[in-house]
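**Student:** Residue numbers (this note's numbering), protein chains in the order written: chain A, 9 to 156; chain B, 9 to 156; chain C, 9 to 156; chain D, 9 to 156.
Number of protein chains: 4
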Amino acid sequence: MNDFHGWVTGNVATAIRHRVAASGAHVADFRVASTRRWNGRDGQPHESTSFLSVRCFGPLADNVASSLDVGQPVVVAGRLEVEENEREGTRYRDVVMLASGVGPNLAFGSTTFRRTVPARRPAAEPGPAAAPQQPGTPAAGPGRAPAA
Amino acid sequence: MNDFHGWVTGNVATAIRHRVAASGAHVADFRVASTRRWNGRDGQPHESTSFLSVRCFGPLADNVASSLDVGQPVVVAGRLEVEENEREGTRYRDVVMLASGVGPNLAFGSTTFRRTVPARRPAAEPGPAAAPQQPGTPAAGPGRAPAA
Amino acid sequence: MNDFHGWVTGNVATAIRHRVAASGAHVADFRVASTRRWNGRDGQPHESTSFLSVRCFGPLADNVASSLDVGQPVVVAGRLEVEENEREGTRYRDVVMLASGVGPNLAFGSTTFRRTVPARRPAAEPGPAAAPQQPGTPAAGPGRAPAA
Amino acid sequence: MNDFHGWVTGNVATAIRHRVAASGAHVADFRVASTRRWNGRDGQPHESTSFLSVRCFGPLADNVASSLDVGQPVVVAGRLEVEENEREGTRYRDVVMLASGVGPNLAFGSTTFRRTVPARRPAAEPGPAAAPQQPGTPAAGPGRAPAA
Numbered sequence: 009m010n011d012f013h014g015w016v017t018g019n020v021a022t023a024i025r026h027r028v029a030a031s032g033a034h035v036a037d038f039r040v041a042s043t044r045r046w047n048g049r050d051g052q053p054h055e056s057t058s059f060l061s062v063r064c065f066g067p068l069a070d071n072v073a074s075s076l077d078v079g080q081p082v083v084v085a086g087r088l089e090v091e092e093n094e095r096e097g098t099r100y101r102d103v104v105m106l107a108s109g110v111g112p113n114l115a116f117g118s119t120t121f122r123r124t125v126p127a128r129r130p131a132a133e134p135g136p137a138a139a140p141q142q143p144g145t146p147a148a149g150p151g152r153a154p155a156a
Numbered sequence: 009m010n011d012f013h014g015w016v017t018g019n020v021a022t023a024i025r026h027r028v029a030a031s032g033a034h035v036a037d038f039r040v041a042s043t044r045r046w047n048g049r050d051g052q053p054h055e056s057t058s059f060l061s062v063r064c065f066g067p068l069a070d071n072v073a074s075s076l077d078v079g080q081p082v083v084v085a086g087r088l089e090v091e092e093n094e095r096e097g098t099r100y101r102d103v104v105m106l107a108s109g110v111g112p113n114l115a116f117g118s119t120t121f122r123r124t125v126p127a128r129r130p131a132a133e134p135g136p137a138a139a140p141q142q143p144g145t146p147a148a149g150p151g152r153a154p155a156a
Numbered sequence: 009m010n011d012f013h014g015w016v017t018g019n020v021a022t023a024i025r026h027r028v029a030a031s032g033a034h035v036a037d038f039r040v041a042s043t044r045r046w047n048g049r050d051g052q053p054h055e056s057t058s059f060l061s062v063r064c065f066g067p068l069a070d071n072v073a074s075s076l077d078v079g080q081p082v083v084v085a086g087r088l089e090v091e092e093n094e095r096e097g098t099r100y101r102d103v104v105m106l107a108s109g110v111g112p113n114l115a116f117g118s119t120t121f122r123r124t125v126p127a128r129r130p131a132a133e134p135g136p137a138a139a140p141q142q143p144g145t146p147a148a149g150p151g152r153a154p155a156a
Numbered sequence: 009m010n011d012f013h014g015w016v017t018g019n020v021a022t023a024i025r026h027r028v029a030a031s032g033a034h035v036a037d038f039r040v041a042s043t044r045r046w047n048g049r050d051g052q053p054h055e056s057t058s059f060l061s062v063r064c065f066g067p068l069a070d071n072v073a074s075s076l077d078v079g080q081p082v083v084v085a086g087r088l089e090v091e092e093n094e095r096e097g098t099r100y101r102d103v104v105m106l107a108s109g110v111g112p113n114l115a116f117g118s119t120t121f122r123r124t125v126p127a128r129r130p131a132a133e134p135g136p137a138a139a140p141q142q143p144g145t146p147a148a149g150p151g152r153a154p155a156a
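Here it is as structure tokens:
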């Protein structure tokens with residue numbers, strides 16, 4: 009089967025639109041602006057901004073609505089779709105990322121986090137022999153992490 | 009040139025190791041556990057956990073160190089490398105994601121965000137004619153977003 | 009800096025448009041149709057097709073033009089951009105993948121390959137001790153591969 | 009649920025190991041070497057090679073086995089897993105890409121393609137009004153592409 013996947017870093021460009029669909033599903037939509045900057049062959053700085061939509065479901069939709077504001081930097085990953093719509097005789101096309109993960113991008117700020125979906129039972133990394141030893145690593149080995 | 013890119017959602021599996029390298033660069037390293045679950049042909053639930061390293065530089069390293077704790081769900085995207093190391097006669101291999109973006113994954117909780125890297129000048133999306141109109145959208149159009 | 013990356017599998021939907029730009033750069037453009045199929049909650053099969061553009065430069069452009077035909081399955085990976093254009097008073101939006109790699113997708117057929125860009129010096133994988141031994145693997149170890 | 013996805017361009021580093029599993033599934037495995045090159049702050053060229061495994065199933069496995077040779081450039085995309093194995097008392101770790109798509113990378117050569125999996129019914133792109141018009145485009149619109 010065919011696939012179209014990706015990830016994006018950028019900024020929230022619109023207020024989060026949060027709703028409960030007829031099916032009962034919680035949905036959140038917002039637009040992201042991702043600006044790429046580079047130096048051209050002329051030595052001059054160039055930039056190009058791409059706008060895309062992000063769609064979230066379930067607890068992700070609720071947390072996105074309560075956590076994100078316009079202008080905040082985000083990182084989003086998931087499946088991509090290109091939607092073709094027609095309204096009032098004009099055709100519109102939009103690229104939509106169906107988000108598997110969304111988070112405020114720590115490249116631009118710090119966060120506090122409050123868990124709302126319980127963690128599953130912990131999974132521990134196979135014994136220290138398999139883990140690369142970094143020079144100067146503190147004695148403590150990998151912690152036990154909930155495999156949520 | 010060759011490339012190896014990806015994205016992962018999972019949980020922070022180790023304490024963040026935060027340091028200033030000899031070059032003066034701020035670096036943060038941590039391990040992520042990503043657990044995939046599926047139903048086998050036998051109808052039984054199966055799961056498989058992958059462990060990988062994430063490496064961050066600059067402001068991202070500092071914010072990751074102050075924001076993330078063991079067990080927190082994260083979304084990470086960036087370039088991938090497979091490192092081969094030898095220590096005390098034993099060879100180790102590790103997959104490292106050089107992060108472009110890291111964030112607490114809003115699929116599992118909510119966040120507050122405090123910007124530490126200033127935003128650049130705003131970029132506005134090309135006029136409403138280009139934007140798909142969603143049924144029932146409030147009148148407010150796309151907000152002006154800093155193109156950070 | 010912000011990033012937008014992805015990969016897609018689908019079929020070539022248009023003839024390859026191959027040209028030499030004013031700068032002397034070799035460029036090839038084509039559209040890809042990526043159809044996702046799934047079973048809905050109603051048990052009925054559903055499908056959704058996304059159309060995107062792929063843009064190639066240099067030797068990749070030349071080889072794409074000589075190798076790909078409409079209808080062929082492809083795998084493409086690279087950076088993504090959303091372009092906004094206006095023509096005759098109407099706005100158009102298009103998602104463009106700036107390809108790092110393009111190949112006929114072997115999920116749907118077989119290929120013969122003729123190299124046109126010389127390989128660089130070989131790179132050998134670190135000794136067999138680092139390589140996982142698969143049960144029943146033939147004695148031959150990893151071959152020496154050109155690190156092109 | 010957690011996800012780990014990616015794509016890689018590189019060279020086939022080992023002979024393709026092709027077999028029929030006890031379940032009857034056709035499987036192909038091979039290693040890929042992906043070499044990244046960059047200029048360091050010292051102005052000197054640097055390179056780093058990552059080795060990973062690629063695993064294919066079904067028709068993809070058969071076509072990979074009949075089409076790819078050691079040294080050929082490839083583009084691969086799919087889900088990623090990090091496997092931990094133990095053999096003769098030593099632990100091994102390997103990153104495996106479960107391929108959705110594999111193709112000879114046209115950045116380095118040209119291909120001929122012979123379809124082995126029939127195409128599905130064609131899907132046509134929504135009418136030309138939705139398609140961006142490139143200056144100088146021939147009159148012919150998008151071709152009808154099988155939505156395989």
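Virtual Cβ for every residue (Gly too), placed ideally from N, Cα, C.
#1: Run through the segment 18-91 of chain C for me and flag every whole beta strand (DSSP E) of 3 or more residues, listed as ranges in chain order.
#2: Please decide whether residue 102/A counts as near chain D, where near means a Cβ-Cβ distance under 8 Å.
#3: Specify, as a first and last residue, the run of the beta strand (DSSP E) that residue 104/D falls within.
#4: Figure out for me which residue from 98/B, 80/B, 15/B and 90/B has the closest Cα to the Cα of residue 22/B.
#5: Got a sec, what are the start and stop residues for the beta strand (DSSP E) residue 119/B sits in?
#6: In this structure, does DSSP put residue 13/D in helix, strand or coil?
#7: Per DSSP, what are the beta-bridge partners of residue 94/D in this structure?
#8: To be precise: take each residue of the segment 107-124 of chain B, compare its Cβ to all Cβ atoms of chain A, and keep it if any distance is under 9 Å. Which residues remain?
#9: Would residue 93/C count as contacting chain A if we go by Cβ distances under 8 Å?
#10: Name the chain C residues that come within less than 8 Å of residue 218/A, Cβ to Cβ?
#11: Skipping 5 residues on each side, what residues in its chain have a beta carbon closer than 6 Å to that of residue 12/A?
#12: Against chain D, does residue 150/C count as a neighbour if the rule is that its beta carbon must be under 8 Å from one of theirs?
#13: Beta-carbon within less than 7 Å of residue 16/A's beta-carbon, same chain only, minus the 5 sequence neighbours each way: which residues are those?
#14: Given that residue 68/B touches chain A, what residues does it touch there, using C-beta distances under 9 Å?
#15: I want to see whether chain A comes within less than 8 Å of residue 75/B, judged by CB atoms only; does it?
#16: Is it true that the CB of residue 65/B sits closer than 8 Å to the CB of residue 188/A?
#17: For residue 65/A, would you say it is in contact with chain C, using Cβ-to-Cβ distances shorter than 8 Å as the test?
#18: At the level of alpha carbons, what is the spacing between residue 82/A and residue 96/B?
#19: Would you mind working out which of 29/C, 107/C, 46/C and 78/C sits nearest residue 86/C, comparing C-alpha positions?
#20: Is any beta-carbon of chain F found at less than 8 Å from that of residue 59/D?
#21: Hey, would you say residue 20/A sits closer than 8 Å to residue 77/A, going by beta carbons?
#22: Mind checking whether residue 68/D and residue 68/C have CB atoms under 8 Å apart?
**Tutor:** Taking the coordinates as given:
#1: 25-28, 34-47 and 53-65
#2: Chain D contact via Cβ: absent.
#3: 98-112
#4: Across the set 98/B, 80/B, 15/B and 90/B, the C-alpha of 80/B shows the shortest separation from the C-alpha of residue 22/B.
#5: 117-123
#6: strand
#7: 99/D
#8: So the close ones are 107, 108, 109, 110, 111, 112, 113, 114, 115, 116, 117, 118, 119, 120, 121, 122, 123 and 124.
#9: no
#10: In the structure displayed, chain A extends from 9 to 156; residue 218/A sits before or after that span and is not available.
#11: 88
#12: Residue placement at residue 150/C is poorly supported in this model, since its pLDDT is 37, which falls under 50; the coordinates still yield a value, given next. It does; some Cβ of chain D falls within 8 Å.
#13: 40, 42, 60, 84 and 105
#14: Within chain A, 113, 114, 115 and 116 have C-beta atoms less than 9 Å from the C-beta of residue 68/B, given in sequence order.
#15: yes
#16: What the structure shows of chain A is the stretch from 9 to 156, and residue 188/A is not part of that stretch, so it cannot be assessed.
#17: So, not an interface residue.
#18: 41 Å
#19: Comparing alpha carbon positions, the residue from 29/C, 107/C, 46/C and 78/C closest to residue 86/C is 107/C.
#20: Here chain F cannot be found, since the structure's protein chains are A, B, C and D.
#21: yes
#22: It is not a contact, given that the beta carbons lie outside the stated cut-off.
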